[in-house]
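For reference, the structure discussed in these notes is given below.
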């Protein structure tokens, strides 16, 4: 990964964004959702939060535009440049621009969200069957009002679930008409229009009046693209006309004839040779979610990566699922640190109170008298009560005290005085700021008192308050097939066993290298414990292997001498 | 479709023309994405040669570093991508 010169980054973690306009290619709800998901990609792995503003200046101002769109870097029509964004800072800095000459989708063809009908806004299902015919796009068949519709399941005949597709006859977006439908014909500068037009605009966006006269009422909106309409060319937003004539030949589907770049196009009238009206046919399009996640990476301070699998690699490729690569995560965490703490939840105070008087046992007390409960403990979210946890991310001993980690929090059991009960929760990020919320394993080196934390394929080392990392566990000599280190066990001075899956390795802590002769099978060395233990640690001279709520305790002769509950025996709940 | 008629390429009205030669395409690409700086801040001409710029671009995109405008490099230059320069100015 790379960062901008001077490691440009936001000086606050609560970053704001604002969507200034929308593309006609997708419903605004889908666009909002794509942006929100793109931000979540980054907030999932960093301490950043993103809040949407609806007016005023946000850190990240998001807009769609074509060609010259108001900054020094014009777009270039369909394909080629898809979007750009500026590194963090004031004004234009931090902003993200998307080329609206692209066909924006979710990456797999037109993403058509329905309105009205009976499908509650579900997405169209293509292909779908209607009266025995299969449709791969919205259709006006079966209707007399010319409104395009689709089935939201594979078979309309069977399920009868449907909704209306984007159409200027149904609604507009942007403008000043609150989404009202177009009115055709309408008058603009004395001319009559019976379809959406780009006249009067320099940005190429199609618009219409929402009353019969724009000249009189000045009410307008932008026309949503239909899923069958062309992009680019000189007939943006109009549907293909099949069959059409081009160069004397008749075509009944999109063609790349006449073009050297192989792109599919169609005529929007019956005869291209006469009318010269054309556009590119709808294709898979570009995933707005993926491109936005990439651009937001720039807006947060990341430059292009040279790792082909990284989201921050400059060339677009469609992928399913979570798009971040290890490289992207390391990049954002280099700038902002790891994500710590659980998802924000409203605090619910837990109070331990003196009991209300029992009227039967205490007849002197007036039963109806209001009594103020006495709070004896600090408010704690019950969800953060160690005794409510079924399973911990890791358990280890630090400074002689048993520590229990879970989702950015930890509890500790003071040594030698377990009567006090467990203390906490405490925030991992406050004590070890670089450590991410989920700690797979941890150990304190008995010689140096350094504390090692493992999360996924990375680890951090803390000496007191000073942290180093993350570093890749591959640097220690663990193979790249190890996805996480699930347990760590001190074996004498300077040696630690690291557990993952059914194997363990021995780490020479001083050399920071795995010793030769490893991995070994856990069940060969430690018979009788679960092979899928997710916590392994040493406590008071005995080894504990945990699975879910249970532990298997092994004595110094490597005999399992007890199986018990973490909650009751270790946490003293 | 009537058979036997030779395909001819036409200029579509309203099309954003990109019919550049390979070397024009490469030069534009290298300049646009920061590999080929034409000027220093002082205004003197840069000495970065095209083959060096190509190598930098090939390294950045994980291609074989030939320093030549080979097919893989040209293909990479034609791929849809982000408009932020790869090499900061």
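Residue numbers (the numbering used here), protein chains in the order written: chain L, 1 to 573; chain C, 1001 to 1089. No residue lacks a Cβ here, since even glycine has one placed at the ideal position from N, Cα and C.
Check, Outcome
"C-beta neighbour in chain L for residue 1061 of chain C, strict 9 Å", "yes"
"Chain C contact residues for residue 575 of chain L, given Cβ-Cβ distances below 8 Å", "With chain L covering only 1 through 573, there is no way to say anything about residue 575 of chain L."
"Residues in the segment 236-263 of chain L having any Cβ partner in chain C nearer than 8 Å", "247, 248, 249, 250, 251, 257, 258, 259, 260 and 261"
"Environment of residue 31 of chain L [buried if 16+ CB atoms lie within 10 Å]", "buried"
"Contacting positions in the segment 268-299 of chain L - beta carbon closer than 8 Å to chain C", "276, 278, 286, 291, 294, 295 and 298"
"Buried versus exposed call for residue 1065 of chain C [16 or more other C-beta atoms within 10 Å across all chains shown]", "exposed"
"Proximity of residue 1088 of chain C and residue 5 of chain L at Cβ, strictly below 9 Å", "yes"
"Within-9 Å CB hit, residue 303 of chain L to chain C", "yes"
"Listed by chain order, chain C residues near residue 233 of chain L by CB distance under 9 Å", "1012, 1013, 1014 and 1015"
"Extent of the continuous beta strand (DSSP E) run through residue 295 of chain L", "Run containing residue 295 of chain L: none in the beta strand (DSSP E); it sits in the alpha helix (DSSP H), 288-300."
"Any chain C beta carbon closer than 9 Å to residue 4 of chain L", "yes"
"CB contact flag (residue 107 of chain L, residue 285 of chain L, <9 Å)", "yes"
"CB contact check: residue 1086 of chain C to chain L, cutoff 9 Å", "yes"
"Cross-chain neighbours of residue 314 of chain L in chain C, by beta carbon under 7 Å", "1081, 1082 and 1086"
"Chain L contact residues for residue 1009 of chain C, given Cβ-Cβ distances below 7 Å", "258, 259 and 260"
"Residue from L:24, L:523 and L:268 with nearest C-alpha to residue 113 of chain L", "L:24"
"Buried or exposed (CB count within 10 angstroms, at least 16 for buried), residue 523 of chain L", "exposed"
"Exposed unless 16 or more other CB atoms sit within 10 angstroms - verdict on residue 437 of chain L", "buried"
"For residue 570 of chain L and residue 385 of chain L, the rounded distance between their alpha carbons", "14 Å"
"Residue environment, residue 387 of chain L, which counts as buried when at least 16 other CB atoms sit within 10 Å", "exposed"
"Contact set between the segment 1064-1079 of chain C and chain L, restricted to residues whose Cβ is under 8 Å from the partner", "1076 and 1079"
"Residue 235 of chain L beta carbon less than 9 Å from that of residue 207 of chain L", "no"
"DSSP three-state assignment for residue 466 of chain L, whether helix, strand or coil", "strand"
"4-residue-minimum alpha helix (DSSP H) runs that sit fully inside the segment 424-480 of chain L, ordered along the chain", "428-431"
"Spatial distance of residue 318 of chain L from residue 457 of chain L (CA atoms)", "25 Å"
"Under the three-state DSSP convention, the category residue 410 of chain L falls into", "strand"
"Beta-carbon proximity check, residue 17 of chain L vs residue 59 of chain L, cutoff 9 Å", "yes"
"Under the three-state DSSP convention, the category residue 140 of chain L falls into", "coil"
"Top-ranked residue by Cα proximity to residue 473 of chain L, from L:239, L:464, L:452 and L:493", "L:452"
"Environment of residue 216 of chain L [buried if 16+ CB atoms lie within 10 Å]", "exposed"
"Interface flag, residue 320 of chain L vs chain C, CB-CB below 9 Å", "no"
"Under the three-state DSSP convention, the category residue 61 of chain L falls into", "strand"
"Strand pairing of residue 489 of chain L, partner residues [DSSP]", "L:497"
"Integer-rounded CB distance, given that residue 405 of chain L should sit under 8 Å from residue 439 of chain L", "5 Å"
"With 16 other Cβ atoms within 10 Å as the buried cut-off, status of residue 1012 of chain C", "buried"
"Helix, strand or coil at residue 1010 of chain C according to DSSP, with G and I counted as helix", "coil"
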